[in-house]
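Q:
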Amino acid sequence: MTDKYVNDHVINDLETNSKHSDDHEEPIISKALPSEVSTKKQKTRGVLKIEAYSKYYQHPFYKLLLFFSVFLIAYTYGLDSSVRSVNLAYAQSSYSTHSLLSTVNCIQAVIAAAGQLAFARISDVFGRLTLIFIVVIFYVMGTIIESQATNVQKFAAGAVFYSLGLTSLSLMLEVITSDFSNLNWRVVASFVVASPFIINTWVSGNVQTAVGGMNWKFGIGMWAFILPLACIPLVLCMLHMQYLARKNGDLAKIKQETKAQWEDAGWKKFLIETFFWDLDLVGLILTILTFGLILVPFTLGGGLKSEWKHAKIIVPEVLGWCLALPLFILWESKYARVPIFPGYLFKDRGIFAALAMAVLINFIWYQQGDYMYTVLVVANNESVKSATRIVQLYSFTSVIVGFVVGVLISYVRYLKMFILFGSSMWLLAMGLLIKFRGGDDISHSGIIGSLCLLGFAAGLSTYTVQCSIQTCVNHQHMAGVLATYLASYSIGTSVGSAVSGGLWTNILPNELSKRLDDPELVALAYGSPFTFIATYTWDTVERQAVVLAYRHIQKILCIVGTCFCILLIFFALLLRDHKLTSVVAIEDVELSDKEKSDDESILGWFKRFRK
Numbered sequence: 001m002t003d004k005y006v007n008d009h010v011i012n013d014l015e016t017n018s019k020h021s022d023d024h025e026e027p028i029i030s031k032a033l034p035s036e037v038s039t040k041k042q043k044t045r046g047v048l049k050i051e052a053y054s055k056y057y058q059h060p061f062y063k064l065l066l067f068f069s070v071f072l073i074a075y076t077y078g079l080d081s082s083v084r085s086v087n088l089a090y091a092q093s094s095y096s097t098h099s100l101l102s103t104v105n106c107i108q109a110v111i112a113a114a115g116q117l118a119f120a121r122i123s124d125v126f127g128r129l130t131l132i133f134i135v136v137i138f139y140v141m142g143t144i145i146e147s148q149a150t151n152v153q154k155f156a157a158g159a160v161f162y163s164l165g166l167t168s169l170s171l172m173l174e175v176i177t178s179d180f181s182n183l184n185w186r187v188v189a190s191f192v193v194a195s196p197f198i199i200n201t202w203v204s205g206n207v208q209t210a211v212g213g214m215n216w217k218f219g220i221g222m223w224a225f226i227l228p229l230a231c232i233p234l235v236l237c238m239l240h241m242q243y244l245a246r247k248n249g250d251l252a253k254i255k256q257e258t259k260a261q262w263e264d265a266g267w268k269k270f271l272i273e274t275f276f277w278d279l280d281l282v283g284l285i286l287t288i289l290t291f292g293l294i295l296v297p298f299t300l301g302g303g304l305k306s307e308w309k310h311a312k313i314i315v316p317e318v319l320g321w322c323l324a325l326p327l328f329i330l331w332e333s334k335y336a337r338v339p340i341f342p343g344y345l346f347k348d349r350g351i352f353a354a355l356a357m358a359v360l361i362n363f364i365w366y367q368q369g370d371y372m373y374t375v376l377v378v379a380n381n382e383s384v385k386s387a388t389r390i391v392q393l394y395s396f397t398s399v400i401v402g403f404v405v406g407v408l409i410s411y412v413r414y415l416k417m418f419i420l421f422g423s424s425m426w427l428l429a430m431g432l433l434i435k436f437r438g439g440d441d442i443s444h445s446g447i448i449g450s451l452c453l454l455g456f457a458a459g460l461s462t463y464t465v466q467c468s469i470q471t472c473v474n475h476q477h478m479a480g481v482l483a484t485y486l487a488s489y490s491i492g493t494s495v496g497s498a499v500s501g502g503l504w505t506n507i508l509p510n511e512l513s514k515r516l517d518d519p520e521l522v523a524l525a526y527g528s529p530f531t532f533i534a535t536y537t538w539d540t541v542e543r544q545a546v547v548l549a550y551r552h553i554q555k556i557l558c559i560v561g562t563c564f565c566i567l568l569i570f571f572a573l574l575l576r577d578h579k580l581t582s583v584v585a586i587e588d589v590e591l592s593d594k595e596k597s598d599d600e601s602i603l604g605w606f607k608r609f610r611k
């Protein structure tokens, strides 16, 4: 139960050098893997279990059954997420706190980032199945609390539990697809989790029309019953694997191998080691405090009356920057045995560049996407069904493109060229959104085309980057690195929501005040826009004034996102381009292949195309 891990190919290197001492050279250690020393026997029980389970589900029928079970869960929470994001807008409008959309999203993202890191480590110790039960409980709790909330504070409390459940369940499905797929097919396998968007894009609008809108409480609450039912097939598959592994003696062997981690250490010591040191409980708490205290006030400082001078905004910012952040850095660098962000994550460009891209992708998306549904309904006169579908076009397009690209990658076996092209398309798509979302004229087709292009860019640069970072680590570290990558997405969401919320709450009230003389109308259009448009139809002067104000803030948000696309391209250039072989993880790749990929410079990558 320590943080000492082994780099398998480092051991092979050392053994080779010991056998050939005459021509001894320094062992080549891949910067992409942790340099801490461990052995294969020190793999945690959860990792050893899933490796034992996977050999019983190699038959195509069993794999198809497993991946269909994963798809069923992903489809369920994907449809829920599509509908709930719209219901969130109606919920906040019903509380007359519509501008706090970004605040709730920011809180959810901060909690999700910490939760993913914790649950990935727990899954490596206790196993994937145990974690599925835990995260479903969080999901159901959060859903029930949200559906019964009578104010924004109670809704935010439910959102915390729901976000923990949703993001951690998504993480578990991604980890399971990685456990049962080879590197060259990893992108395709990852899209099993994302593929429901192909259906949900067209279904979500109908579901929202039937059970959402002003009846948002039922539209949220029904998923507390539906999701657990959808999890039954996957749970049965995992139990079947567990039965086969126990029947053939694999679990007994694993229990013996990990006896020192569990029984010999004593339960008290084991729990302290696992939940305090290995999970880095202090680090997780400081992570939540740091991001929460710094980012959330940005979404609250504006509004009809500026709050920036008040203590409730200033004090959290001061505590975040001057207390929480220094304590986090001190703890992680000096005292944490298993840091949340281990040093090896930042020693290899293939890993830190992928993490930076994850942050940037969600940051950029949330600049134009945080208030997208509201803008479409209020400022573009879209119907509920149409707006709900348009919001999903990004995901719909990205899944189709990503799946096709994944199949191509399984034969090409390289990722970087697709990622770099996709990153460039982000810049073009965001530029078009400036024109069509913030321009003088409404363009229904222009918005749709821009979002489809944005989805095309995402299909080339999201799951491909997720696969790229997995090529840099062995199986023991796969769940942890994947969790860090997905947590980086959550960090991007939290920062993006904070920035978009800060701009929205500080700029929109002033723009509305310039165009509307009645302060009560300004308050209604700002705090309860759906109530406002029910009274003031599209042809009224008041509605057109609000439309112009909404377009102005959208233009600013899209410009901010476009500027950060340059950084996205820069980090895409820094990625490594490992060859994707037919193995689950890099530990099974020949050392010479890894050395070749690790040593290649960025300039060398470009020269490859001149040959």
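Each residue of the sequence shown is one higher than the last, beginning at 1 in UniProt numbering. Beta carbons are placed, not taken as given, at the ideal position from N, Cα and C, and that holds for glycine.
Quick one, are the C-beta atoms of S204 and S386 less than 7 Å apart?
A: The residue labelled residue 204 in the question sits at position 204 within the sequence shown. The residue labelled residue 386 in the question sits at position 386 within the sequence shown. It is not a contact, given that the beta carbons lie outside the stated cut-off.
Q: Which one of L286, I288, V584, I313 has the shortest CA to CA distance from T299?
A: Walking along the sequence shown from the start, residue 299 turns up at place 299. The option with the nearest alpha carbon to T299 is I313.
Q: Measure the C-alpha to C-alpha separation of W267 and T274 and round it to an integer number of angstroms.
A: As a first step, residue 267 must be located in the sequence shown, where it is residue number 267. As a first step, residue 274 must be located in the sequence shown, where it is residue number 274. Going by the C-alpha atoms only, they are around 10 Å apart.
Q: If you pair each beta-carbon of the region 541–556 with each one of the region 500–509, do three or more pairs fall below 8 Å?
A: Yes, the region 541–556 touches the region 500–509.
Q: For G492, which residues in the same chain have their Cβ closer than 7 Å to its Cβ, ignoring the five residues on either side in sequence?
A: The count along the sequence shown starts at 1 and reaches residue 492 at position 492. Answer for G492: A358, V359, L360, I361, N362, F363, listed in chain order.
Q: On the CB-based measure, 16 or more other CB atoms within 10 Å of its CB, does G438 come out buried or exposed?
A: Residue numbering aside, residue 438 sits at position 438 when the sequence shown is read from its first letter. Buried, by the Cβ-count rule.
Q: Indicate the three-state DSSP secondary structure (helix, strand or coil) for V509 in the structure shown.
A: Start at 1 with the first residue of the sequence shown, and residue 509 comes out as number 509. Residue identity differs from the one stated: residue 509 is Pro in this sequence, not Val. Three-state DSSP puts P509 in a helix.
Q: May I have the straight-line CA-CA distance separating K334 from F270, to the nearest angstrom?
A: Reading the sequence shown from its first residue, position 334 is the one you call residue 334. Reading the sequence shown from its first residue, position 270 is the one you call residue 270. One C-alpha to the other measures close to 22 Å.
Q: Can you have a look at P34 and say buried or exposed, based on whether 16 or more other CB atoms are within 10 angstroms of its CB?
A: One-based indexing of the sequence shown puts residue 34 at position 34. Only weak support exists for where P34 lies, its pLDDT of 38 falling under 50; the coordinates are left without a value.
Q: Among the residues of its own chain, which have a CB less than 6 Å from the CB of S195, if the five just before and after it don't count?
A: Working through the sequence shown from its first residue, we reach residue 195 at position 195. These residues qualify, in order along the chain: V399.
Q: Which parts of the region 540–583 are runs of the alpha helix (DSSP H), unbroken and 4 residues or longer, counting only runs that do not cross its ends?
A: Correct list: 541–574.
Q: Just the C-alpha distance for Y5 and L166, rounded to the nearest angstrom, thanks.
A: Start at 1 with the first residue of the sequence shown, and residue 5 comes out as number 5. Start at 1 with the first residue of the sequence shown, and residue 166 comes out as number 166. Low confidence applies here, because Y5 scores a pLDDT of 34, under 50, leaving its location unreliable and the question unanswered by this model.
Q: Can you grab the Cα-Cα spacing for the pair D577 / Y90, in whole Å?
A: Taking the sequence shown and counting its residues from 1, one reaches residue 577 at position 577. Taking the sequence shown and counting its residues from 1, one reaches residue 90 at position 90. Taking the straight line from one Cα to the other gives about 45 Å.
Q: DSSP three-state label for G181, please.
A: Residue mapping note: residue 181 aligns to position 181 of the sequence shown, counting from 1. The identity of residue 181 in the sequence shown is Ser, whereas the question assumes Gly. In this structure, S181 counts as coil in the three-state DSSP scheme.
Q: Out of L432, L512, L415, which has the shortest C-alpha to C-alpha gap to V465?
A: Here residue 465 corresponds to residue number 465 of the sequence shown, with the count starting at 1. Measuring from the Cα of V465, the nearest candidate turns out to be L415.
Q: Rounded to the nearest angstrom, what separates F418 and I272 at their Cα positions?
A: In the sequence shown, the residue the question calls residue 418 occupies position 418. In the sequence shown, the residue the question calls residue 272 occupies position 272. For F418 and I272, the distance between alpha carbons rounds to 45 Å.
Q: Would A487 and A113 qualify as a contact pair, given that the criterion is a beta-carbon distance under 7 Å?
A: By 1-based counting over the sequence shown, the position of residue 487 is 487. By 1-based counting over the sequence shown, the position of residue 113 is 113. In contact: A487 and A113 (Cβ atoms closer than 7 Å).
Q: By the DSSP assignment, the alpha helix (DSSP H) with P297 in it spans what residues?
A: Mapped onto the sequence shown, residue 297 falls at position 297. Where P297 is concerned, the enclosing alpha helix (DSSP H) stretches over 281–300.
Q: Three or more C-beta pairs closer than 8 Å, one from the region 183–192 and one from the region 406–413: is that the case here?
A: They touch, by the three-pair rule.
Q: Leaving aside the five residues before and after L123 along the sequence, list all residues of the same chain whose C-beta is less than 7 Å from its C-beta, in chain order.
A: Numbered from its first residue, the sequence shown carries residue 123 at position 123. The residue asked about is misnamed: residue 123 is Ser in this sequence, not Leu. Excluding positions up to five away in sequence, the list reads G46, L131, M172, V175, A479.
Q: In chain order, which continuous runs of the alpha helix (DSSP H) of length 4 or greater are located wholly inside the region 456–491?
A: Listed in chain order, they are 463–470.
Q: To which residues of the same chain is G127 closer than 8 Å at the C-beta, ignoring the five residues directly before and after it?
A: Numbered from its first residue, the sequence shown carries residue 127 at position 127. Answer for G127: R45, G46, K49, I50, listed in chain order.
Q: For G158 and K579, I'd like the C-alpha separation in whole angstroms.
A: The residue labelled residue 158 in the question sits at position 158 within the sequence shown. The residue labelled residue 579 in the question sits at position 579 within the sequence shown. Distance between the alpha carbons of G158 and K579 is about 43 Å.
Q: So the alpha helix (DSSP H) S528 belongs to, where does it begin and stop?
A: Within the sequence shown, the letter at position 528 stands for residue 528. From DSSP, S528 is part of no alpha helix (DSSP H); its letter is neither H nor E.
Q: Shortest alpha-carbon distance to P233 belongs to which of N200, L129, T258?
A: For the purposes of this step, residue 233 is identified with residue 233 of the sequence shown, where counting begins at 1. The option with the nearest alpha carbon to P233 is L129.
Q: Quick check for students: name the residue ranges of the alpha helix (DSSP H) that lie wholly in the region 185–262, counting only runs of 4 or more.
A: Whole alpha helix (DSSP H) segments, 4+ residues: 186–194, 197–211, 216–221, 223–247, 250–257.
Q: Give the straight-line distance between the Cα atoms of E520 and Q92, rounded to the nearest whole angstrom.
A: Indexing the sequence shown from 1 puts residue 520 at position 520. Indexing the sequence shown from 1 puts residue 92 at position 92. Using only the alpha carbons, I get a separation of about 18 Å.
Q: Could you check where the alpha helix (DSSP H) with I419 kicks off and where it finishes?
A: Within the sequence shown, the letter at position 419 stands for residue 419. Unbroken alpha helix (DSSP H) run through I419: 416–438.
Q: Considering only C-alpha positions, which residue in the set L279, W223, L345 is nearest to I77?
A: In the sequence shown, residue 77 corresponds to position 77, counting from 1. The sequence shown places Tyr at residue 77, not Ile. Looking at the Cα atoms, W223 is the closest of the given residues.
Q: Taking only three categories from DSSP, how would you classify K43?
A: Locating residue 43 in the sequence shown gives position 43, counting from the first residue. Looking at K43 - three-state DSSP - the assignment turns out to be coil, as it is neither helix nor strand.
Q: What is the residue span of the alpha helix (DSSP H) that S85 lies within?
A: On the sequence shown, residue 85 is found 85 positions in, with the first residue counted as 1. Element bounds for S85: 60–94.
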